[in-house]
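Colleague: Take this structure, written in structure tokens, and hold onto it; I'll ask about it next.
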Amino acid sequence: LMLNYLFKNSNDARFKRWAIASIISRTYYHNMVTHLLEAAYQREVYQRVDQGESLSAPTLNAIKRQVIEQFWGDTVTITDGAELTWMRQPHYYMGLYSYTYSAGLTIGTIMAQRIKNEGETAVQDWLNTLSAGGSMSPVELAQLAGIDVTTDQPLKDTIAYIGELVDELESLTTEI
């Protein structure tokens with residue numbers, strides 16, 4: 140919503156480019172890529188623990204590296220030490236906490252698009268959702284907001300929105 144407001148109230152291409160680059164790098168990349176990788180790592184670790192496997196730092200390093208390499212494939216060169224990043228995350232000890240980042244950002248993105256496109260109806264849906272607080276499950280709260288998180292469509296729509304931001308970033312860069 141803030142990005143929409145900034146774009147509506149500015150004609151400065153450099154400012155718009157900065158705003159898009161900031162939201163992609165500081166918000167979407169961190170919450171949609173970093174946290175999904177962390178969650179994939181957690182899932183693998185927990186599966187091994189559930190199977191009774193004893194884990195050591197070298198094993199945890201290997202799991203982290205495998206997750207990173209599987210995600211990036213041959214598009215990114217993984218440097219030595221990348222597998223050590225699991226050590227800096229204390230919230231790994233709080234269940235599958237990392238998923239909440241990308242799920243929340245997906246819901247927020249879709250809701251912002253609804254508000255932009257539908258106006259007051261979407262605003263009321265969002266206010267009703269916020270008013271419900273913790274009285275419903277996350278899936279039910281998302282449904283109250285008009286978002287079905289039991290499918291992959293909200294995530295696909297969010298990724299498409301990020302793609303639109305990248306296209307706009309490229310266009311602004313050419314313009315400048």
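For the sequence shown, the positions run 140 to 315 when the working numbering is used. No residue lacks a Cβ here, since even glycine has one placed at the ideal position from N, Cα and C.
(1) Quick one: measure Cβ to Cβ for M171 and S237, integer angstroms, because I've assumed they're closer than 8 Å.
(2) Between I246, Q209, A201, L244, which has its C-alpha nearest T224's C-alpha?
(3) For Y180, tell me which candidate among E303, Y167, Q228 has the shortest Cα-Cα distance.
(4) Let me see if you follow: with CB-CB separation under 9 Å, is A299 close to chain B or not?
(5) Pull up the distance between the alpha-carbon of I217 and that of V184, whole angstroms please.
(6) Which stretch, first to last residue, makes up the alpha helix (DSSP H) that contains N267?
(7) Rounded to whole angstroms, what's the CA-CA distance from E208 to K255? Just pull it up for me.
(8) For the alpha helix (DSSP H) that contains E279, what are its first and last residues?
(9) Using the three-state DSSP reduction, which class does V172 fall into: helix, strand or coil?
(10) Would M275 and A261 be called neighbours here (beta carbons separated by less than 9 Å)?
(11) Tell me the DSSP secondary structure of T290 in three-state form.
(12) Which two residues bound the contiguous alpha helix (DSSP H) that contains T198?
(13) What would DSSP say about T297, mapped onto helix, strand or coil?
(14) Quick one: residues in its chain with C-beta nearer than 7 Å to the C-beta of T289, no 5 flanking neighbours on either side, listed in chain order?
Modeller: Answer, in terms of the structure:
(1) With 8 Å as the limit, M171 and S237 do not qualify as a contact, their Cβ atoms being about 11 Å apart.
(2) A201
(3) Q228
(4) The structure shown contains no chain B; it is built from a single protein chain.
(5) 20 Å
(6) 259-271
(7) 38 Å
(8) 277-283
(9) helix
(10) no
(11) coil
(12) 196-211
(13) helix
(14) V278
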